[in-house]
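Every letter in the sequence shown is one number past the one before it in the numbering used here, and letter 72, counting from 1, is 73. Read the structure below first, then the notes.
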Amino acid sequence: MREKQFMPVALLAAWLIMPVVALAQRVPAYPPSRQIGSVWFEMTTLDELAPGSDNWPLTWAADGHQYTSWGDGGGFGGTNVDGRVSFGVGRIEGGARDYRCRNIWGGAGLPQPPFGGKSYGILALGDTLWLWRGGDASDETLYEFRELYRSLDRGVSWQPAGVRFDRREFSDTLGVFALTFLQFGRGYEGARDGYVYVYAPRATSLEWDVHTPGDVMLIRAPRGEIDQKNAYRWFAGADGAGVPRWSEHYNSAVPAFSDPANGVMRTSVAFNAGLGRYILSTLHVSRFREHDGRLGIYDAPEPWGPWTTVLFANAFELGLVDFSKTVFFNFSNKWTSRDGRKSVLVYTNRDNWATVESEFYMRGECLKVGHRGASGIFAGNTLAAFAGALEQGADMVELDVHLSLDSQLVVIHDNTVDRTTGGTGEVGAMTLAGLQKLDAGGGEKIPSLGEVLLLLGSRCGVNVELKGPGTAAPVAGLLSRFVRGKGIPWDNFLVSSFDHARLAELKEIEPRIRRAPLFGEDLPEDFIAIAHGLGAWSVNLNKQSVTADLVDRCHREGLRVHVYTVNNPDEIARLKELGVDGIIGDYPDRL
Ligand code: G3P
Ligand code: CA
């Protein structure tokens, strides 16, 4: 009897606790980056190859090409079945937008390699290639050993280099797995010192998934002694001045990166020379969509930290991955711009090779956006106000559009002309010619969107707010014509709206136009999910809703924060201190 009563009580308790656990927000282990505000992935640049093959760690050799390894497929030109190997090696020639890939060791069109396993780390020192091989096949032997291989013929053949870490060497855990090299420039140019650095997540299970707690160990060896096992030293913490200690004993090793709550999986680290930051990418929580897999991107001034968070987002919701599971992400140093801001992420999307162009936005660089132009001085949404915004140094102007009776895009805020002109009536009930007879203030007329775009060219960005119904398709059409006909870049435009369905329609018609959902004072709980659903570049928020935590949360979700409508200098200073990315105000010169 007692026992019968006990069970429902326990179930009730579990039922009460569960939603709390389920709703608990996953947070990253490290504070927000103070250097990098956020990172953006331009999904319309997604390029996919090699269906069936995954991982793709990259290195950049002195010959100017990139080398990579893949797992469980035929590599370039193969499929999941055709040419399938446990792991193979390929070469990538060319630039980010015109690259060519081919298999050089294993995979479609080439003989079966003499051994299998997995590799998540490849390194070019000059033109000599090195890679870490783990296990004999795609099975639990992955956790048995990691062994260094060398290629003296640019990846065509591979020989053991005499360094091997066996599981039985690691008394406290299963040891480390998925060893990967820290990447510098071409052929290892720009290296911080005379060492090679190897990151090695600690294995805590035999699962092919995130390992929790998630510790990433760091090992280094002098570059000239990479093939001498006794030359390897483990990172053993840093002193008060940040000077690292190195130990020959794994037992003294201290993780260089750790996320006890969310775990880590295969990890990559590349030094971004333009930014002067080490960029670490890894998976958290789970590799599976249904288990809330997260992509984490971190930056640090040294290979061992201190790390700060750039991105901590569900890679699937972000739109980066549309497969049910994913495994590996790394940035290409060859395809990173000199200033470090633009790069290319090479990763596994649908169990394949995928590249997508990315951009890092710096914290503290806040766009000056002229609200309806310089509407504090000129009549808003007129050519005079937009010219005034240019003069006041605006990076972007914001304007509102409606459709006229004759289906022309007109720049006016309200859906009637009553407040801003001497006339009366609905905008949608009047032709463009009729609307342009009215005085929009100071003798200015209501401009068409085309007239504004002609005036501004690419001298400043344009944030078009879709106010009236039926505006998404014509705005997409007009902006596309300006890109094609006037050579204005897609990223000159941002389209926002409180009506998110209009933005979804715009995305469907022309995904290259950046989108920004607008939100009012009451920010809905699911605003991040709404933004991700739209593939939004920024969220445009009411100043009342913006707090430090909110800005940090948006940033780690890969979303920029633009705030409207701010004219008070103290408020402007407060928002800049919070690290917002754009302020929309009537006086651009105050921003
Ligand atoms: O786009 C930001 C802001 O303009 C939204 O409000 O009423 O000024 O269009 P409103
Ligand atoms: Ca507006």
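All C-beta atoms, glycine included, are put in the ideal place defined by N, C-alpha and C.
Check your understanding: Which same chain residues, not among the five before or five after A204, have their C-beta less than 8 Å away from its C-beta?
Key -> As a position in the sequence shown, residue 204 is number 203, starting the count at 1. Close CB contacts of A204 within its chain, under the 8 Å cut and outside five residues either way in sequence, are with Y144, T174, L175, G176, V177, F178 and H212 (chain order).
Review point. Cα separation between A138 and W308?
Key: For the purposes of this step, residue 138 is taken as residue 137 along the sequence shown, with counting starting at 1. For the purposes of this step, residue 308 is taken as residue 307 along the sequence shown, with counting starting at 1. The alpha-carbon atoms of A138 and W308 are separated by roughly 34 Å.
Exercise for review: Check each residue's C-beta against every heavy atom of ligand 1 and list, in chain order, those closer than 6 Å.
Suggested key: Sorted by position in the chain, H372, E399, D401, H414, E466, S497, L519, N541, Y565, T566 and I585 make up the residues whose C-beta lies under 6 Å from a heavy atom of ligand 1.
Practice item. Compare the C-beta of P475 against all C-beta atoms of chain B and say whether one is closer than 7 Å. Key: Annotation note: the requested chain B is absent from the structure, which comprises a single protein chain.
Check your understanding: Between L480 and A473, is the Cβ-Cβ spacing less than 7 Å?
Key -> Mapped onto the sequence shown, residue 480 falls at position 479. Mapped onto the sequence shown, residue 473 falls at position 472. Contact flag unset, no.
Point to revise | Residues bridged to M431 (per DSSP) | key: Position 430 of the sequence shown, counting from 1, holds the residue named residue 431. Per DSSP, none; premise fails for M431.
Review point. For F197, does the count of other Cβ atoms within 10 angstroms reach 16, so buried, or fall short, so exposed?
Key: Your numbering for residue 197 matches position 196 in the sequence shown. For the record, residue 197 in the displayed sequence is Val; it is not Phe. When all chains shown are included, V197 counts as buried.
Check your understanding: Can we say the segment 59 to 70 touches the segment 41 to 48, given the rule of at least three CB pairs closer than 8 Å?
Key -> no
Check your understanding: Using a Cβ-Cβ cut-off of 8 Å (strictly less than) and excluding sequence neighbours within five positions of G163, which residues of its own chain qualify?
Key -> Counted from its first residue, the sequence shown places residue 163 at position 162. Only L149, D228, Q229 and K230 meet the Cβ criterion.
Review point. So, helix, strand or coil for W57, using DSSP?
Key: By 1-based counting over the sequence shown, the position of residue 57 is 56. If DSSP states are grouped into helix, strand and coil, W57 belongs with the strands.
Exercise for review: State the beta-bridge partners of T310 as determined by DSSP.
Suggested key: For the purposes of this step, residue 310 is identified with residue 309 of the sequence shown, where counting begins at 1. Beta-bridge pairing links T310 to P33 and Y299.
Review point. Under the rule that 16 or more other beta-carbon atoms within 10 Å means buried, what is G241, buried or exposed?
Key: Against the sequence shown, residue 241 aligns to sequence position 240. G241 should be labelled exposed.
Review point. Residues in its own chain within less than 6 Å of I489 by CB, not counting five upstream and five downstream?
Key: Looking up residue 489 in the sequence shown gives position 488. Answer for I489: S459 and F483, listed in chain order.
Review point. Where do the N-terminal and C-terminal ends of the alpha helix (DSSP H) with L542 fall, by residue?
Key: To locate residue 542, count along the sequence shown from 1; it is residue 541. Run containing L542: none in the alpha helix (DSSP H); it sits in the beta strand (DSSP E), S539 to N543.
Exercise for review: Count the other CB atoms, across all protein chains shown, that sit within 10 Å of the CB of N464; report buried if there are 16 or more and exposed otherwise.
Suggested key: In the sequence shown, residue 464 corresponds to position 463, counting from 1. By the neighbour-count criterion, in which 16 or more other beta carbons inside 10 Å mark a residue as buried, N464 falls on the buried side.
Practice item. With DSSP as the reference, label L504 as helix, strand or coil. Key: The residue given as residue 504 occupies position 503 in the sequence shown. Here DSSP, grouped into helix, strand and coil, assigns L504 to helix.
Review point. What does DSSP give as the partner residues of V552 in its beta bridges?
Key: For the purposes of this step, residue 552 is taken as the residue at position 551 of the sequence shown. DSSP output for V552 lists no bridge partner at all.
**Study point:** Length-filtered (3 minimum) beta strand (DSSP E) runs lying within the segment 318 to 344
**Key:** For the segment 318 to 344, the full-length beta strand (DSSP E) segments reaching 3 residues or more read 330 to 332 along the chain.
Review point. Does the Cβ-Cβ distance between S631 and S359 come in under 7 Å?
Key: Past the edges of the chain, shown from 2 to 592, lies residue 631, and the structure says nothing about it.
Check your understanding: Is the CB-CB distance between G107 and P114 below 7 Å?
Key -> Within the sequence shown, residue 107 is the residue found at index 106, counting from 1. Within the sequence shown, residue 114 is the residue found at index 113, counting from 1. Contact check for G107 against P114 passes: the beta carbons are separated by less than 7 Å.
Check your understanding: Taking C-alpha atoms, which residue in W491, E522 and F499 lies nearest to E511?
Key -> Taking the first residue of the sequence shown as position 1, residue 511 is located at position 510. Check the Cα spacing between E511 and each of W491, E522 and F499: the tightest is with W491.
Check your understanding: By how many angstroms is the C-alpha of I585 removed from the C-alpha of Y365?
Key -> The residue labelled residue 365 in the question sits at position 364 within the sequence shown. The residue labelled residue 585 in the question sits at position 584 within the sequence shown. As written in the sequence, residue 365 is Gly, which differs from the Tyr given in the question. Going by the C-alpha atoms only, they are around 15 Å apart.
Review point. When we look at the beta-carbon of T337 and count the other beta-carbons within 10 Å, is it buried (16 or more) or exposed?
Key: Looking up residue 337 in the sequence shown gives position 336. By the neighbour-count rule (16 or more Cβ atoms within 10 Å), T337 is buried.
**Study point:** 7 Å Cβ shell around S172 - same chain, five flanking residues per side excluded
**Key:** The residue given as residue 172 occupies position 171 in the sequence shown. None.
Review point. By Cβ distance below 6 Å, which residues in the same chain neighbour S54 in space, the five residues on each side in sequence not counted?
Key: As a first step, residue 54 is located in the sequence shown; it is residue number 53 there, counting from the start. Excluding sequence neighbours, S54 sits near W71, G74 and G76.
Exercise for review: Using three-state DSSP, classify V567 as helix, strand or coil.
Suggested key: Looking up residue 567 in the sequence shown gives position 566. DSSP places V567 in coil when its eight states are reduced to three.
Review point. Based on Cα-Cα distance, which residue from Q36, P32, Y31 and V40 lies nearest to R561?
Key: In the sequence shown, the residue the question calls residue 561 occupies position 560. Between R561 and the set Q36, P32, Y31 and V40, the nearest pair of CA atoms involves V40.
Exercise for review: Find out if the Cβ-Cβ distance for the pair R515, W538 is shorter than 7 Å.
Suggested key: The residue you call residue 515 lines up with position 514 of the sequence shown. The residue you call residue 538 lines up with position 537 of the sequence shown. Contact flag set, yes.
Check your understanding: Any idea what DSSP makes of N493, helix, strand or coil?
Key -> Along the sequence shown, one-based indexing puts residue 493 at 492. In the structure shown, N493 sits in a helix (DSSP, three-state: H, G or I).
Practice item. Under the assumption that V540 contacts L579 (Cβ atoms under 8 Å), give the Cβ distance between them as a whole number of angstroms. Key: What you label residue 540 is simply residue 539 of the sequence shown in a count that begins at 1. What you label residue 579 is simply residue 578 of the sequence shown in a count that begins at 1. That belief does not hold up - the Cβ atoms of V540 and L579 are roughly 14 Å apart, past 8 Å.
Review point. Nearest to S152 by CA position, among E141, L132 and T349, is which residue?
Key: To locate residue 152, count along the sequence shown from 1; it is residue 151. The shortest Cα separation from S152 among E141, L132 and T349 belongs to L132.
Check your understanding: Does DSSP put R1 in a helix, a strand or coil?
Key -> Any property of residue 1 remains undetermined from this structure, which presents the chain solely from 2 to 592.
Check your understanding: Mind checking R420: buried by the 16 CB within 10 Å criterion, or exposed?
Key -> By 1-based counting over the sequence shown, the position of residue 420 is 419. With fewer than 16 Cβ atoms within 10 Å of its Cβ, R420 is classed as exposed.
Check your understanding: DSSP puts L219 in a beta bridge; with which residues?
Key -> As a working note, residue 219 is residue 218 in the sequence shown. In the DSSP output, where bridge partners are listed per residue, L219 has Y200.
Practice item. Kindly indicate which three-state DSSP category H292 falls into: helix, strand or coil? Key: Stepping through the sequence shown from its first residue, residue 292 is reached at position 291. In this structure, H292 counts as helix in the three-state DSSP scheme.
Check your understanding: By how many angstroms is the C-alpha of R85 removed from the C-alpha of N263?
Key -> In the sequence shown, counting from the first residue as 1, residue 263 sits at position 262. In the sequence shown, counting from the first residue as 1, residue 85 sits at position 84. Approximately 33 Å between the Cα atoms of the pair.
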